[in-house]
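Quick notes on the structure that follows.
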Amino acid sequence: LGGEMAKVGGLYVYGPSAISGNTDPKASVGVGLLGDSILWGGRESGGLGYGTQGFGVRAIIDSFGYIQASCSGASARRWAVSNKLINRHVLLASADVAIVALGTNDLLSSRSTAKIQADLLTIWTRLAARGIKVFACTIPPLTTSPDGWTSLNQTPSAFEATRLAVNAWLRTNPGPLSGIFDTAAKVTTLNGSGQEIWVPNTCVDGTHPSIQGHAAMATAIDTRFFVLGP
7 LGGEMAKVGG
17 LYVYGPSAIS
27 GNTDPKASVG
37 VGLLGDSILW
47 GGRESGGLGY
57 GTQGFGVRAI
67 IDSFGYIQAS
77 CSGASARRWA
87 VSNKLINRHV
97 LLASADVAIV
107 ALGTNDLLSS
117 RSTAKIQADL
127 LTIWTRLAAR
137 GIKVFACTIP
147 PLTTSPDGWT
157 SLNQTPSAFE
167 ATRLAVNAWL
177 RTNPGPLSGI
187 FDTAAKVTTL
197 NGSGQEIWVP
207 NTCVDGTHPS
217 IQGHAAMATA
227 IDTRFFVLGP
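Next up, the structure:
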């Protein structure tokens with residue numbers, strides 16, 4: 007798990023890797039990443055290769071095997087539908103731990119707080135029922151900026167109240183989660199009006215983190231919680 011994807015005939019496919027030697031006991035924990043383009047690392051060019059972008063991979067790549075099951079445009083609403091999530095279940099067959107980072111595209115689709123909560127609970131419950139320890143990530147800001155997100159001169163989106171409500175709920179660590187990673191807090195500050203915005207230079211387009219943003223968000227993932235057992 008965790009190898010670079012090779013491009014063959016215009017398609018990216020997983021190639022075989024030979025791995026030998028003694029392993030660190032914690033390396034036996036397999037981590038599944040289930041999210042949207044933010045967790046996948048969209049718009050971030052600081053990875054080690056294709057499939058190694060994003061804050062989730064940054065946090066675990068040196069210590070754990072992983073499968074990147076995130077994709078651009080993913081939403082909690084879409085993956086809460088069983089026939090949509092089933093493919094992700096196949097990808098996560100070897101996972102002991104799942105990091106779920108969804109919600110941004112639900113906000114952009116004007117989903118309500120209650121509906122986002124219900125969809126996330128559906129996803130978490132299905133994963134937990136398979137014995138997977140599930141950790142959720144908070145949702146980073148959505149803002150506009152006249153200067154490329156290099157200053158505090160940012161305006162939150164029309165969906166900010168919902169984002170704040172979902173994040174407040176996530177921070178209560180609702181069941182069946184094993185924990186939450188407050189990744190949004192690592193890239194959030196306040197503008198002159200006291201509104202939550204991106205820390206300058208941690209965002210590239212109002213939605214996706216920059217290299218600096220992914221690096222900061224990765225520090226929120228405490229892998230000590232990945233120990234298996236109760």
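Here this note's numbering is used: the first residue of the sequence shown is 7, the next is one more, and so on.
In this text, a Cβ means the ideal position worked out from N, Cα and C, and glycines have one as well.
Being a predicted model, the structure only gives us computed values, none of them experimental.
- Query: Helix or strand or just coil, what does DSSP make of glutamate 202?
  - Reply: In the three-state scheme derived from DSSP, where H, G and I count as helix and E and B as strand, glutamate 202 is classed as strand.
- 3-residue-minimum beta strand (DSSP E) runs that sit fully inside the stretch 113-159, ordered along the chain: 139-143
- Message: For glycine 79 and aspartate 42, what's the separation of their Cα atoms in angstroms?
- Response: 6 Å
- Message: I need the straight-line Cα distance from valine 19 to glycine 62, nearest angstrom please.
- Response: Confidence is the limiting factor: at valine 19 the pLDDT is only 48, short of 50, which leaves the residue's position unreliable, though a coordinate-based value still follows. Distance between the alpha carbons of valine 19 and glycine 62 is about 21 Å.
- Message: Is it the case that the stretch 212-231 contacts the stretch 170-180, given that we only count it when at least three CB pairs across the two stretches are under 8 Å?
- Response: Judged by pairs of C-beta atoms under 8 Å, the stretch 170-180 does not touch the stretch 212-231, as fewer than three such pairs exist.
- In this structure, does DSSP put alanine 167 in helix, strand or coil? helix
- Message: Between which two residues does the alpha helix (DSSP H) holding phenylalanine 61 run?
- Response: 61-66
- Three-state class that DSSP yields for valine 44 in the structure shown: According to the sequence displayed, residue 44 carries isoleucine and not valine. Residue state, collapsed to three classes: helix.
- Could you say which of Arg136, Phe141, His95, Ala99 lies nearest to arginine 230 if we only look at CA atoms? Phe141
- Where aspartate 112 falls, given that 16 or more other Cβ within 10 Å makes a residue buried: buried
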